[in-house]
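Read through the structure below, which is laid out as structure tokens, and then see the notes.
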Amino acid sequence: MNGKLPSVPADTPQCQLKVMNAGFCRAKKSHILKGADKEEVWLPALFYLIEHPKYGKLLFDTGYSTRFFDVTTKFPFSIMQKLTPVRISTEENAGNQLKRLGIAPEEISIVLLSHLHVDHVGGVDGFPESTFYVNKQEWDYCRQSEWKLFRNGYIKKLFEQVAASALTLLDFEKNGLPYGPFPKTIDLFNDGSIILVPLPGHAVGQYGLMLNITKEERYFLVADSVYVKENYRKERAGSRLSRIAHHDPRRYRQQFSILRQVEEANPGLHLIPSHDPEAYIEFVKTKGISGGSGEARIDRREKN
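Just so we're aligned: 195 in the UniProt record's numbering is position 195 of the sequence shown, and the numbers increase by one with no gaps anywhere.
Listed below in structure tokens is the structure:
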């Protein structure tokens, strides 16, 4: 497979990207990367603020929120809190973080949800005036009872308040077009700036986001298609226990070679998994990144 992506035209609208984080969950390194040591680490739950010059501010995912504690107080949902202990404060909820940046909830026109697991939809209640974009396959799958969904890593109470009037379903099968090695993608604004890419396996309807800023700077937000970059670079998944979190472990592993080839074939592309501790250090602890103007850039040559 050729992982080469189309070049970014010079007139592509230059979006601004800020990588943020809402909460952490505790896991062993060996759980997310087979063969690693058993040291316990706190995995981030990254979410992303994107500002488009025409369409304004939007989010990709919302991370955890303190609502997680409210919905896991009773059995069987309390099992999730024991299996994946979570750490987050009220101040770290996505909506409150944005308010501290001077961004009101109503300024977020769109919230793109990569999938509906608890560590991606925790903050949806903070954006009552936003439109939520979900893969149709994911939304249809999540019409099941809360008990069946829970066995697959979902807690329905965290996203069931999204009204039909505030929902846009993405139909990749019907509307998707080829983009590089990906056969079915959606150009969100039809201007080449934001390309939504199906990445099934971890969740039935998971998708990632390709953010094209310039030909030298583009980002691929790959959600949970891998936990850490070492998964696809070493072609190594997590422990056997980690398979519980994946809808289809075989399709999950199939993403590894695709992501590796895309990274190798596109030197200006930066892949960011949502739970990679190194991504948290690079993009959040160093005050984030910003496209277009060049403000607050990170010199990747020193980081890689």
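Backbone N, C-alpha and C fix where the C-beta goes; we use that ideal spot for every residue, glycine too.
> Using a Cβ-Cβ cut-off of 6 Å (strictly less than) and excluding sequence neighbours within five positions of Tyr232, which residues of its own chain qualify?
Replying inline: Val226, Phe256, Leu259, Arg260, listed in sequence order.
>> Can you tell me whether Arg67 is buried or exposed? The criterion is at least 16 other CB atoms within 10 Å of its CB, across all chains shown.
In response: So Arg67 ends up on the buried side.
> Which residue comes first and which comes last in the alpha helix (DSSP H) that contains Phe150?
Replying inline: First-last of the alpha helix (DSSP H) with Phe150: 146 to 150.
> What are the uninterrupted segments assigned as alpha helix (DSSP H) that are 4 or more residues long and contained completely in the stretch 116 to 146, given in chain order?
Replying inline: Taking 4 residues as the shortest admissible run, the stretch 116 to 146 contains the following complete alpha helix (DSSP H) segments, listed from N- to C-terminal end: 118 to 121, 136 to 141.
>> Rounded to the nearest angstrom, what separates Ser165 and Lys38 at their Cα positions?
In response: Straight-line Cα distance between these residues: approximately 46 Å.
> Which residues bound the alpha helix (DSSP H) around Tyr252?
Replying inline: From DSSP, the alpha helix (DSSP H) with Tyr252 extends over 249 to 265.
> Using the beta-carbon count (16 or more within 10 Å), is Leu221 buried or exposed?
Replying inline: In the assembly as shown, Leu221 is a buried residue. Its beta-carbon has 16 or more other beta-carbons within 10 Å.
> From Lys148 to Ser242, what distance separates their C-alpha atoms?
Replying inline: So the two alpha carbons sit approximately 19 Å from each other.
> If we ignore side chains and look at the alpha-carbon of each, how far apart do Trp139 and Ser65 end up?
Replying inline: Whole-angstrom Cα-Cα distance: 21 Å.
>> Tell me the DSSP secondary structure of Ala22 in three-state form.
In response: Taken through DSSP and simplified to helix, strand or coil, Ala22 comes out as strand.
> Given that a residue counts as buried once 16 or more other Cβ atoms are within 10 Å of its Cβ, and exposed if not, what is Gly35?
Replying inline: Counting every other CB atom within 10 Å of its CB across the protein chains shown gives Gly35 a total below 16, marking it as exposed.
>> Does the structure place the stretch 114 to 130 close enough to the stretch 174 to 188 that three or more beta carbon pairs sit under 8 Å?
In response: By the Cβ test, the stretch 174 to 188 is not in contact with the stretch 114 to 130, since fewer than three Cβ pairs between them sit closer than 8 Å.
> Is Val71 helix, strand or coil when you go by DSSP?
Replying inline: Taken through DSSP and simplified to helix, strand or coil, Val71 comes out as helix.
>> What would DSSP say about Arg297, mapped onto helix, strand or coil?
In response: Note that Arg297 scores a pLDDT of 30, beneath 50, so its modelled location is shaky; the value from the coordinates is reported in the next line. Three-state result, Arg297: coil.
> Anyone know if the C-beta pair for Leu49 and Phe24 falls short of 9 Å?
Replying inline: Against a cut-off of 9 Å, the Cβ pair of Phe24 and Leu49 comes out as no contact.
>> Taking the straight line between their C-alpha atoms, what separation do you get for Thr62 and Tyr280?
In response: Cα-Cα distance, rounded: 15 Å.
> What residues match up with His52 in a beta bridge as DSSP calls it?
Replying inline: Answer is Gly56.
>> Excluding the 5 residues flanking Cys142 on each side, which residues of the same chain have their C-beta closer than 8 Å to its C-beta?
In response: When the five nearest sequence neighbours on each side are left out, the beta carbons in the same chain lying within less than 8 Å of the beta carbon of Cys142 are those of Leu116, Leu149, Tyr154, Lys156, Phe159, in order along the chain.
> Looking at the unbroken alpha helix (DSSP H) that takes in Lys174, where does it start and where does it end?
Replying inline: Counting along the chain, the unbroken alpha helix (DSSP H) around Lys174 starts and ends at 172 to 175.
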